[in-house]
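*Asks:*
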Amino acid sequence: MNHKYAVACAVCIMSTSVFAQSDNWRSLIDMDRADVSKFSMKMINDGADVGSMTYGWQQDGNTYVIKDRTEMQPNILETATGVIDARSLLPISNDIDFAVGKDRTVFDVEWQEGALKGEVVMQKEGGDPRIVDVSNADHPASALRLSIFGLIAGLPLREDFSVSLPWYNTLSNTVETITLAHTGFETVETPAGTFETHKVHIQNGTPENMVYVTTTLPQRIVRIDVLGQPMHFERLP
544 MNHKYAVACA VCIMSTSVFA QSDNWRSLID MDRADVSKFS MKMINDGADV GSMTYGWQQD
604 GNTYVIKDRT EMQPNILETA TGVIDARSLL PISNDIDFAV GKDRTVFDVE WQEGALKGEV
664 VMQKEGGDPR IVDVSNADHP ASALRLSIFG LIAGLPLRED FSVSLPWYNT LSNTVETITL
724 AHTGFETVET PAGTFETHKV HIQNGTPENM VYVTTTLPQR IVRIDVLGQP MHFERLP
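Positions 544 to 780 (the numbering used here) are the ones given, in order, by the sequence shown.
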């Protein structure tokens with residue numbers, strides 16, 4: 544989900560900001576109610592098929608490994624791998640390789656005892672690499688942006704449900720306080736079938752999304768809208 548708008552983020556690495564945080568979000572999440580196994584979605588922009596996204600979690604001992612691959616025509620490719628602690632749901636590492644044609648930006652960060660360590664390497668075709676150190680010795684505890692779709696599927700979704708939490712956006716090196724707000728129910732048709740869904744609005748993120756989650760257990764993501772753009776994702780069989 545970083546694709547189109549990530550172009551701007553990748554060329555302007557910002558300092559981490561601290562916002563008011565909700566402390567109870569982790570206690571609300573039960574990953575046993577979620578189906579976060581690997582799935583694929585097609586990307587539709589202005590009515591046309593323009594790409595795809597494959598996303599999924601896999602438990603490895605005391606961690607979850609999260610992988611995402613997003614392609615967008617004509618020449619955008621992003622691959623991302625994140626590792627989070629299975630109990631605290633806080634990040635351990637995040638690697639992102641974002642390419643527009645032959646221009647690449649590679650993010651490599653990890654967390655050690657509350658400190659963020661890492662760098663961003665930006666290289667344009669034919670040019671020398673530019674390296675930016677994004678380390679922060681006092682990084683606020685926050686969810687990994689890459690993990691948000693899985694975390695949503697683990698929430699006790701119901702009418703009028705809402706929770707705020709901090710997430711770390713690796714692409715812009717910022718911490719934002721977002722709100723996940725239940726905004727109603729909707730029947731959604733996708734290539735994978737027709738589903739009754741919760742509508743969950745990701746508010747105050749960059750960008751904002753509407754996420755459609757099945758009302759039956761285990762909860763699954765079946766559609767994602769990019770608000771403010773004529774773009775959305777539909778789950779494939």
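Ideal Cβ positions, reconstructed from N, Cα and C, are used throughout, including at glycine.
Which value, in whole angstroms, describes the spacing of the CA atoms of Asn679 and Glu732?
*Replies:* 44 Å
*Asks:* If we count Cβ pairs, one from each stretch, closer than 8 Å, do we get three or more for the stretch 659–674 versus the stretch 589–603?
*Replies:* no
*Asks:* Taking Leu801 as the reference, which of Ala658, Gln616, Lys581 has the closest Cα?
*Replies:* Outside the shown range of the chain (544 to 780) lies residue 801, about which nothing can therefore be said.
*Asks:* Determine the direct distance from the alpha carbon of Thr648 to that of Arg673, and round the result to whole angstroms.
*Replies:* 9 Å
*Asks:* Looking at Ile639 and Leu714, is the spacing between their C-beta atoms short of 8 Å?
*Replies:* yes
*Asks:* Can you list, in chain order, the stretches of the beta strand (DSSP E) that have 3 or more residues and sit fully within the stretch 604–679?
*Replies:* 606–615, 619–628, 634–643, 646–655, 658–666, 673–676
*Asks:* Taking only the alpha-carbon atoms, compute the straight-line gap between Asp575 and Pro734 and give it to the nearest angstrom.
*Replies:* 26 Å
*Asks:* Taking DSSP as the reference, what is the three-state secondary structure of Ala735?
*Replies:* Reduced to three states, the DSSP call for Ala735 is coil.
*Asks:* CA-CA distance, Gln564 and Phe728?
*Replies:* Bear in mind that a pLDDT of 41 at Gln564, under 50, signals an unreliable position, so the number given afterwards is only what the model happens to contain. Their Cα atoms are separated by approximately 27 Å.
*Asks:* Do Asn588 and Pro750 come within 8 Å of each other at the CB atom, strictly closer than that value?
*Replies:* no
*Asks:* If you follow the alpha helix (DSSP H) that Leu694 is in, where does it begin and where does it stop?
*Replies:* From DSSP, the alpha helix (DSSP H) with Leu694 extends over 691–696.
*Asks:* At what residues does the alpha helix (DSSP H) containing Arg569 begin and finish?
*Replies:* 568–571
*Asks:* Report buried or exposed for Glu777, applying the criterion of at least 16 other Cβ atoms within 10 angstroms of its Cβ.
*Replies:* buried
*Asks:* Considering only the alpha carbon of each residue, which of Gly771, Tyr755, Thr759 lies closest to Met584?
*Replies:* Tyr755
*Asks:* Cα separation between Val643 and Met615?
*Replies:* 10 Å
*Asks:* Sort Leu760, Val769, Ile627, Thr737 by Cα distance to Asn752 and report the nearest one.
*Replies:* Val769
*Asks:* Tell me whether Arg763 is buried or exposed, calling it buried when 16 or more other Cβ atoms sit within 10 Å of its Cβ.
*Replies:* buried
*Asks:* With a threshold of 16 other CB atoms inside 10 Å of the CB of Asp628, please say whether the residue is buried or exposed.
*Replies:* exposed
*Asks:* When the Cβ atoms of the stretch 688–698 are set against those of the stretch 567–581, are three or more pairs found closer than 8 Å?
*Replies:* Yes: the two stretches touch, three or more of their Cβ pairs being nearer than 8 Å.
*Asks:* Got a sec? Which residues, its chain only, sit under 6 Å from Arg612 by beta carbon, not counting five neighbours each side?
*Replies:* Thr597, Thr622.
*Asks:* Reducing DSSP to helix, strand and coil, say where Val550 ends up.
*Replies:* Residue placement at Val550 cannot be trusted, given a pLDDT of 37 that sits under 50; the coordinates are not used to answer.
*Asks:* Closest to Thr726 by C-alpha separation, out of Glu702, Leu687, Tyr711, would be which residue?
*Replies:* Glu702
*Asks:* Please classify Ser690 as buried or exposed, where buried requires at least 16 other C-beta atoms within 10 Å of its C-beta.
*Replies:* buried
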